[in-house]
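Numbering (our numbering), first residue to last: 1210 to 1506. For each residue, glycine too, the CB sits at the ideal point set by N, CA and C.
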């Protein structure tokens, strides 16, 4: 032992694992001098920090590779959904056409049960056709689309109200909106986003006359848009489920639709690097909100 009771050693080492191999850090004194305890701690700390940094770097590399693989698989899946949906259209059209032709040509020879079966077949094929069209719309959000340009949202809302004019008159709905900004985006997809949310409010209306208000406000980093209605409302436990593709909270007899509208909204918002959510209370209506990052126009 030395005079200060430190252990006398002239060589210190610290092991570091690198890609399943062991690397050793060795420190020597070139003169007859012992390592102090503080120096021992320092060498061990250097080895520990180096090991942590290497582990983090390896984890980061693995994460990047995983993300690239997921991106590739997602693109492949979207392309498959588009092609598969497109190729399924023609067989379905043939099923509908020939089934209707069968009913027309042999109408006098068919009993009521046979006519019902044909109607069931046609109805099922048409519902499948609707699902395929919706799936195509969903896949086109990322695989297709118009170039981004400056879009005046006031004009977008005016066009949507014209598109929904028949439904608005049928339900005696009142649709209002405040000051709207311009966004750098795909105009067609912005129209689809707002039209889906407004149509949703018209579909899930309460016994009261539908009141729908669209508003926009901005913070220092994003625009926050709201589509508020006085409809039937949504239970809190379904707040996330409603944005999942083909998820429905009601039967088709109660409310028609395929259950893809809000999933499309979510995908459009995410394409703009935004987020979407709902605030609602059963019997008191819902407010769908989405945030879009601010960009210089």
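The alpha carbon of residue 1310 has as its nearest neighbour, out of 1482, 1328, 1382 and 1345, the alpha carbon of 1328.
When DSSP states are grouped into helix, strand and coil, residue 1419 belongs to the coil group. Every beta strand (DSSP E) stretch that sits fully inside the segment 1381-1413 and reaches 3 residues is listed by chain position as 1383-1386 and 1391-1394. Only exposed fits residue 1492, as fewer than 16 other CB atoms lie within 10 angstroms of its CB. Distance from the CA atom of residue 1422 to the CA atom of residue 1384, rounded to whole angstroms, is 6 angstroms.
In this model, residue 1288 and residue 1455 are separated by some 19 angstroms (Cα to Cα).
For residue 1498, the enclosing beta strand (DSSP E) has its first and last residue at 1494-1502. The three-state secondary structure of residue 1348, taken from DSSP, is helix. Taking 9 angstroms as the cut-off, the beta carbon of residue 1470 is found no closer than this to the beta carbon of residue 1415. Note that the C-beta distance between residue 1433 and residue 1443 is not below 9 angstroms. The C-alpha of residue 1403 lies about 14 angstroms from the C-alpha of residue 1387. Listed in chain order, the non-local C-beta contacts of residue 1503 below 7 angstroms within the same chain comprise 1427, 1430, 1431 and 1432, local neighbours out to five positions each way being set aside. In the displayed model, residue 1433 falls within a strand according to three-state DSSP. Here the C-alpha atom of residue 1412 lies approximately 27 angstroms from the C-alpha atom of residue 1390. For the pair residue 1279 and residue 1321, the Cα-to-Cα distance works out to about 53 angstroms.
The beta carbons of residue 1438 and residue 1410 sit about 4 angstroms from each other, so the pair counts as a contact at 8 angstroms. DSSP places residue 1491 in the coil class of the three-state scheme, outside both helix and strand. Close CB contacts of residue 1366 within its chain, under the 7 angstroms cut and outside five residues either way in sequence, are with 1386, 1389, 1403 and 1423 (chain order).
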